[in-house]
């Protein structure tokens with residue numbers, strides 16, 4: 007067993023109690039789960055809403071927005087999010103996570119409403135960069151709250167609900183913004199309307215979260231020991247752990263989903279000659295698929311256990327890869343078959359976006375989990391920067407750029423599937439989460 011200088015278990019060695027996945031949550035746990043799910047939903051929606059607006063921005067002559075700006079906003083916001091995860095994410099190991107989430111929410115919604123008033127593409131991009139940087143605070147802070155307040159055997163349920171909320175937010179954001187554009191809303195009015203509803207829900211949830219955490223959810227805390235080591239020691243442990251590299255490979259491979267999603271609305275508009283609103287709604291098929299896939303994986307695990315659930319996740323990934331290959335090899339598909347393939351592909355890889363990552367992080371000692379989550383997330387997000395730059399260049403230089411972008415995405419999904427298989431084979435016993 008790997009141990010640290012204080013004799014506490016190191017990375018990949020923290021045993022978790024045997025799970026009881028069908029145990030009903032306590033009332034305090036249920037409210038905590040609900041509040042965190044709403045916070046993740048609203049914050050994520052208020053960060054990535056602009057994906058649905060890219061076709062409208064390219065069509066707005068007064069905004070001076072071109073393919074170049076679409077590429078710039080995709081890679082630069084991703085880079086800022088990676089920097090935020092790496093620099094601000096680990097703060098949750100040392101600062102009250104609720105305060106960090108409040109800071110992230112203020113910056114996110116303020117940036118959203120300011121963007122609606124701006125008239126130049128450069129100003130909008132700068133605002134989105136600030137929002138993306140503060141987004142790096144969210145997941146490490148949410149994870150720290152879960153690890154510090156919830157018994158180990160129930161932590162997977164909380165992460166699962168937050169992951170579902172995150173995936174649903176992307177699809178609902180595309181559908182809502184797209185529908186408002188189809189109804190005749192300007193993109194500015196759509197931001198105000200959608201952002202206003204999200205802001206109210208966020209404020210209510212953050213207040214309720216503070217009240218929930220002010221009460222003791224459990225009489226006893228069943229948490230892994232805290233280890234307040236230096237950044238250097240944490241880096242050494244993380245770099246030397248093979249399971250951490252596998253988790254990173256899964257995240258890097260699945261990051262192609264996000265790189266593709268950033269361009270999907272404009273690609274759908276170009277390929278099928280759709281309106282800006284219709285393209286945004288069509289692009290939601292991929293993210294909606296990730297929601298249904300994650301939901302299916304959770305249901306199978308709940309009913310049949312984690313060993314069967316992990317096998318089901320790999321089967322889902324194989325089916326999703328087959329659906330995505332159909333898009334790659336038959337580019338002449340119509341709009342509805344195309345959207346159906348994207349939906350199935352998203353369903354196949356929805357579980358791989360989160361669950362293997364949670365399997366690894368659950369084995370990390372409590373005092374270094376925010377650090378591990380932030381580093382792995384930031385590194386995978388940084389890899390997505392390269393992909394988004396590549397996709398943008400392909401879109402600028404090649405008439406049939408879409409086909410190449412789908413092929414690159416398929417390769418990334420293969421990497422994610424193989425890395426997940428190795429991670430599950432390495433630690434497939436029932437003592438680990440998911």
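Numbering (the working numbering), first residue to last: 7 to 440.
Note that CB positions come from ideal geometry on N, CA and C, so glycine has one too.
DSSP three-state assignment for residue 370, whether helix, strand or coil | coil
For the candidate residues 354, 259, 285 and 266, whose alpha-carbon lies nearest to that of residue 301?
-> 354
Pull up the distance between the alpha-carbon of residue 88 and that of residue 44, whole angstroms please.
-> 23 angstroms
If you draw a straight line from the alpha carbon of residue 81 to that of residue 90, how long is it in whole angstroms?
-> 14 angstroms
So, using beta-carbon positions, are residue 245 and residue 363 closer together than 8 angstroms?
-> no
Could you pull out every residue in the same chain whose Cβ sits closer than 6 angstroms to the Cβ of residue 366, ignoring the five residues on either side in sequence?
-> 249 and 253
Excluding five sequence neighbours on each side, which residues of the same chain lie with their C-beta closer than 7 angstroms to the C-beta of residue 385?
-> 254
Contact belief for residue 266 with residue 404 at Cβ below 8 angstroms, rounded distance in angstroms = Not really, about 16 angstroms apart at Cβ, beyond 8 angstroms.
Residue 418 and residue 293: beta carbons closer than 8 angstroms?
-> no
Contained beta strand (DSSP E) runs [length at least 3] in the stretch 257-299, N- to C-terminal order | none
Own chain partners of residue 261 with C-beta closer than 6 angstroms, once the 5 adjacent residues on each side are dropped | 386, 389 and 390
Hey, out of 191, 415 and 112, whose CA is closest to residue 327's CA?
-> 415
DSSP-derived helix/strand/coil call for residue 100 | coil
Using the beta-carbon count (16 or more within 10 Å), is residue 105 buried or exposed?
-> exposed
Quick one, which of 59, 151, 206 and 98 has its alpha-carbon nearest residue 115's?
-> 206
Could you please give the first and the last residue of the uninterrupted alpha helix (DSSP H) stretch that includes residue 122?
-> Here residue 122 belongs to no alpha helix (DSSP H), and DSSP marks it neither H nor E.
Every unbroken alpha helix (DSSP H) inside the stretch 134-219 [4 residues or more] = 144-155 and 158-188
How is the alpha helix (DSSP H) around residue 61 delimited, first residue to last?
-> 56-65
Bounding residues of the alpha helix (DSSP H) (the contiguous stretch that carries residue 318) | 312-335
Answer yes if the stretch 54-69 comes into contact with the stretch 281-290, meaning at least three C-beta pairs across the two stretches below 8 angstroms, and no otherwise.
-> yes
Take residue 197 and list the residues in its own chain whose beta-carbon comes closer than 6 angstroms to its own, dropping the five residues that flank it on each side.
-> 122
Short Cβ contact (8 angstroms threshold) for residue 170 with residue 297 = yes
Beta-carbon proximity list for residue 181, same chain, < 6 angstroms, skipping 5 on both sides | 287 and 290
Report yes or no: do three or more beta-carbon pairs, one from the stretch 299-319 and one from the stretch 329-336, lie closer than 8 angstroms?
-> no
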